[in-house]
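Quick note: the sequence shown uses the working numbering, first residue 4, plus one each step.
Below is one structure; the comments refer to it alone.
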Amino acid sequence: MHHDHGESEESGHHLGFVSALAHQFMKHKLDEFEDANDYLKPALEMPVSGHHEVYAGKVAESVVFKDRGVLLSGCQSDQTSADANPSGDKAEAYGAMSNALQMVLANNKGPITNYELVTEVWKVLKKQGFSQRPGLYCADHNARAHSIC
């Protein structure tokens, strides 16, 4: 099985690389304009009343749907989803979360809520030695709703 050894070291390297790329990109974009202040002015003058508006803007609040469905992720945003690889052959590797999800569904004898599903998947992952924590992204009422799986 592949476990996430050295995850924080690798993550730190990747984050540093991404940060450097983002910095280079912004520097390039700002250097394209003779006056960088003119380029940034609209963003800096945009009134915001909460942290959610910083990312999407005031207009997005009225456009974005509050209930866009249910998303199960293999890990949290600060983690990496691991592969399960019992044979050691890269061609036979598969997602640890996908495997755990299939195991939970196969062993489940009735309806299960999305929250219960993700919780059970996390238990399987922990038992198998994976540190990743699966995520559930949805409106509260969908967390309590029965999974369609």
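Positions of the beta carbon are idealized from the N, C-alpha and C atoms, including for glycine.
None of these values were measured; they are calculated from a predicted model.
Taken through DSSP and simplified to helix, strand or coil, THR83 comes out as coil. Under DSSP, no beta-bridge partner is assigned to HIS144. The way I'd put it, the segment 99-110 does touch the segment 74-87; three or more beta-carbon pairs between them come closer than 8 angstroms. The criterion of a C-beta distance shorter than 8 angstroms is satisfied by ARG147 and TYR118. Per DSSP, SER76 lies in no alpha helix (DSSP H) segment; the continuous beta strand (DSSP E) that holds it begins and ends at 74-76.
Counted as a single uninterrupted DSSP element, the alpha helix (DSSP H) harbouring THR122 occupies residues 117-130. Counting only the Cα atoms, LEU120 lies some 12 angstroms from VAL73. Distance between LEU128 and LYS112, taken at the CA atoms: about 20 angstroms. Cβ atoms of ALA96 and ASP86 come within 8 angstroms of each other, at about 4 angstroms. Distance between TRP125 and ASP92, taken at the CA atoms: about 25 angstroms.
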